[in-house]
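Enquirer: Questions regarding the structure given below will be posed in turn.
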Amino acid sequence: MLNPSARHLTAQACLQDVFGYNSFRGEQQEIVDHMVAGGDALVLMPTGGGKSLCYQLPALLRQGVGIVVSPLIALMQDQVDALQQLGVKAAFLNSSLNSEEFSKVTAALLRGELQVLYVAPERLLIPNFLSLLEQVADHIGIALFAIDEAHCVSQWGHDFRPEYRKLTVLHERFPHVPRIALTATADAPTRAEIIERLALEDARQFISSFDRPNIKYRVLLKANARQQLESFIESEHPNDAGIIYCLSRRKVEETAERLKAKGWDALPYHAGLDADIRHAHQRRFLREEGVIMVATVAFGMGIDKPNVRFVAHLDLPKSMEGYYQETGRAGRDGLPANAWMTYGLGDVVNMKQMLENSDAPAERQHVERQKLDALLGFCESTACRHQTILRYFGEQHPGDCGQCDNCLTPTDTWDGTQAAQMALSCVYRTGQRFGVVHLIDVLLGKTSPKVTQFNHEQLSTFGIGKSLSQTQWSSVFRQLVASGYLETDMDAFGGLRLTEAARPVLRSEVMVWLRQDQETPKRASKVERG
Ligand code: ADP
Ligand code: ZN
């Protein structure tokens, strides 16, 4: 049933007249048509792909009000403002409203004066509100339910919202209202979970490509990260807008200070700053040219700045999903952009320790460990970055991209089986409780005070590793930790110990291939600047 006021409008006309766009993007048109016709849909589209239009436009074309469930309370106001500016009658309901504002919105809803209503899930699920929606359905009509950020239904994702699981109530109480679930982050298992949890078995699936051909991915070995970063910006993005991600608030502040001192227009952004300051920084980043935002992952949700030319990571993201989403904020305009990251042994150890220390339930920790391992595998990989990323999201990239670091400067691999055996047995013989620095001293046969203290010059592994340099050993250990042959032992102050996977290596049952790191990072970065 079409909305009387928009009955004359086709989807194409509405796209132009209301939204001001000339043409649909990607699969938008198919999705819109499917929804207007009353079907259910699951939409997987990368961030910035244009998901909002997929429910906003059908909400206008169908009879009644479109109800949008979103966990992002902070963004509702922006979305509603944007719609109102287009002349759409939109409102939102969440905990930021006082009771007077709340009554005003519900009154408008009951009078049939709203076309789109954003609702926080906990609001929607209040029994009184569901009864109210039933009245709306009977008298005015509900055009559709849109469930945004649908991956929040998955217990194993980072954004799990228990209320999302109760959203099946929509299907039960409003079986004739079409539903559209949307997300930018869903691997195949998460997708299956969304379908099951939201009872979308009969929904049509629209899966868009995750390929971002204009982004050049690059992972550098950490030497002096800040200096590496500065020379990257200086040589490739002297006047460009970019985002630099750091793990801690302190590092955000320090990095922003340092860049500012060197003359860049850099601003910090993290959850510990006053809301006013955060808002002001975000505005400057969006409105002005050439601002560099140094931020924790708190920054970026819903940020839509087309000409971000680079995203840099000074610390590892938690997963491939995180990496993809964060780097995906670069180059939305389709012009070339850089995704740049430094990474070293310390990062691997840090991230693994953080997981170890988390008090999440065991099953969830297991999933998080797997997600981190996939990311570490990506860092250490010598294959085309585009291929690796797309494979992770269940897609295939036709051939090498020819643009990423691994395509431009292919990394050699070497048979590191023997080196791995030396390293692993050194860990074993020293009692599985020492850190990398000491282990390398033993392998290189250095009589450091610690070596003497523990009589490690007596060990059979003392001095057996002289054919490799300190740097090479450090690379070997990093890769052994990243690949899961070694793990950090929190009970031994972060010393390394063997995992089950190490046994077959020690017994020469499997081979270990390692990447040949560039010896001098300076030279490496010059080569990589293609
Ligand atoms: P997502 O929710 O998938 O991250 P949005 O819905 O916020 O993406 O859309 C991203 C940007 O693309 C917005 O600025 C939006 O206005 C713009 N956009 C969406 N669809 C179109 C279109 N058909 N033509 C031009 N711009 C579009
Ligand atoms: Zn490539």
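For the sequence shown, the positions run 1 to 530 when the UniProt record's numbering is used. Note that the Cβ used here is the ideal one computed from N, Cα and C, for glycine as well.
Kindly indicate the opening and closing residues of the beta strand (DSSP E) around residue 205.
Expert: Unbroken beta strand (DSSP E) run through residue 205: 204-207.
Enquirer: Under DSSP, the alpha helix (DSSP H) around residue 190 begins and ends at which residues?
Expert: It spans 188-197 - the alpha helix (DSSP H) in which residue 190 sits, taken as one unbroken run.
Enquirer: With DSSP as the reference, label residue 265 as helix, strand or coil.
Expert: Coil at residue 265, not helix or strand.
Enquirer: Do residue 372 and residue 351 come within 8 Å of each other at the CB atom, strictly closer than that value?
Expert: Contact flag set, yes.
Enquirer: Using 8 Å for Cβ pairs, my map puts residue 496 next to residue 435. What's the rounded Cβ distance?
Expert: The pair is a contact, with the Cβ atoms about 7 Å apart (cut-off 8 Å).
Enquirer: Looking only at its own chain, which residues have a Cβ that is under 6 Å from the Cβ of residue 45, when we skip the five neighbours before and after it?
Expert: So the qualifying residues of the chain are 51 and 208.
Enquirer: Give the DSSP bridge partners of residue 414, in chain order.
Expert: Answer by DSSP bridge pairing, in chain order: 514.
Enquirer: Can you find the residues in the same chain that come closer than 7 Å, C-beta to C-beta, to residue 47, ignoring five residues on each side of it along the sequence?
Expert: Within the same chain, residue 47 has close Cβ partners 184, 325 and 328.
Enquirer: Report buried or exposed for residue 116, applying the criterion of at least 16 other Cβ atoms within 10 angstroms of its Cβ.
Expert: So residue 116 ends up on the buried side.
Enquirer: Alpha carbon to alpha carbon, how far is residue 228 from residue 269?
Expert: Their backbone Cα atoms lie some 21 Å apart in a straight line.
Enquirer: Helix, strand or coil: how does DSSP classify residue 454 here?
Expert: Three-state DSSP puts residue 454 in coil, outside helix and strand.
Enquirer: Please classify residue 428: does DSSP put it in a helix, a strand, or coil?
Expert: Residue state, collapsed to three classes: helix.
Enquirer: Rounded to the nearest angstrom, what separates residue 105 and residue 83 at their Cα positions?
Expert: If you take the alpha carbons of residue 105 and residue 83, they lie about 16 Å apart.
Enquirer: Taking 7 Å as the line, does the beta carbon of residue 402 fall inside it for any heavy atom of the ligand ZN?
Expert: Yes; taking the cut-off as 7 Å, the Cβ of residue 402 has a heavy atom of the ligand ZN nearer than that.
Enquirer: Going by beta-carbon coordinates alone, are residue 142 and residue 133 separated by less than 8 Å?
Expert: Yes, these two residues count as a Cβ contact at 8 Å.
Enquirer: With a cut-off of 8 Å on the beta carbons, I'd call residue 400 and residue 384 a contact; round off their distance for me.
Expert: That pair is a contact at about 4 Å.
Enquirer: Report yes if the C-beta distance between residue 168 and residue 199 is below 8 Å; otherwise report no.
Expert: Going by C-beta atoms, residue 168 is nearer than 8 Å to residue 199.
Enquirer: Distance check for residue 284 and residue 576, CA to CA, integer angstroms please.
Expert: The question about residue 576 has no answer here: the residues shown for the chain are numbered 1 through 530.
Enquirer: Identify every residue that forms a DSSP beta bridge with residue 93.
Expert: DSSP lists 119 as partners of residue 93.
Enquirer: Just how far apart, CA to CA, sit residue 12 and residue 192?
Expert: When rounded, the distance between both Cα atoms is 32 Å.
Enquirer: Hey, is residue 387 close to the ligand ADP, as in C-beta under 7 Å from one of its heavy atoms?
Expert: No, the Cβ of residue 387 stays beyond 7 Å of every heavy atom of the ligand ADP.
Enquirer: Should residue 72 and residue 163 be called a contact, given that it needs their Cβ atoms to be closer than 8 Å?
Expert: No, the Cβ-Cβ distance between residue 72 and residue 163 is not below 8 Å.
Enquirer: At the level of alpha carbons, what is the spacing between residue 273 and residue 245?
Expert: If I take the Cα positions, the gap works out to 16 Å.
Enquirer: Quick check on residue 389: does DSSP put it in helix, strand or coil?
Expert: Reduced to three states, the DSSP call for residue 389 is helix.
Enquirer: Can residue 23 be considered in contact with the ligand ADP, in the sense that its beta carbon sits closer than 7 Å to one or more heavy atoms?
Expert: For the ligand ADP, at least one heavy atom lies less than 7 Å from the Cβ of residue 23.
Enquirer: In whole angstroms, give me the CA-to-CA distance for residue 267 and residue 251.
Expert: Going by the C-alpha atoms only, they are around 12 Å apart.
Enquirer: Within this structure, are the beta carbons of residue 232 and residue 31 separated by less than 8 Å?
Expert: No, Cβ-Cβ distance for residue 232 and residue 31 is not below 8 Å.
Enquirer: Determine the closest residue to residue 90 out of 81, 190, 96 and 513, with distance taken between C-alpha atoms.
Expert: Ranking the options by Cα distance to residue 90, first place goes to 81.
Enquirer: If distances are taken between C-alpha atoms only, which option among 190, 316 and 137 comes closest to residue 175?
Expert: Comparing Cα-Cα distances from residue 175 to each of 190, 316 and 137, the minimum goes to 137.
Enquirer: To the nearest angstrom, report how far apart residue 139 and residue 173 are at their CA atoms.
Expert: Distance between the alpha carbons of residue 139 and residue 173: 15 Å.
Enquirer: Which residues bound the beta strand (DSSP E) around residue 98?
Expert: Looking at the DSSP string, residue 98 is not in any beta strand (DSSP E), and its letter there is neither H nor E.
Enquirer: Can you tell me the Cα-Cα spacing of residue 513 and residue 93, whole angstroms?
Expert: The alpha-carbon atoms of residue 513 and residue 93 are separated by roughly 55 Å.
Enquirer: If we ignore side chains and look at the alpha-carbon of each, how far apart do residue 17 and residue 237 end up?
Expert: Roughly 38 Å separates the two Cα atoms.
Enquirer: Can you check whether the CB of residue 339 is closer than 8 Å to the CB of residue 311?
Expert: Result yes, Cβ atoms of residue 311 and residue 339 sit closer than 8 Å.
Enquirer: On the three-state DSSP scale, how would you describe residue 521?
Expert: Note that residue 521 scores a pLDDT of 41, beneath 50, so its modelled location is shaky; the value from the coordinates is reported in the next line. Reduced to three states, the DSSP call for residue 521 is helix.
Enquirer: Taking the alpha helix (DSSP H) that residue 55 belongs to, which residues open and close that run?
Expert: Per DSSP, residue 55 belongs to the alpha helix (DSSP H) from 51-61.
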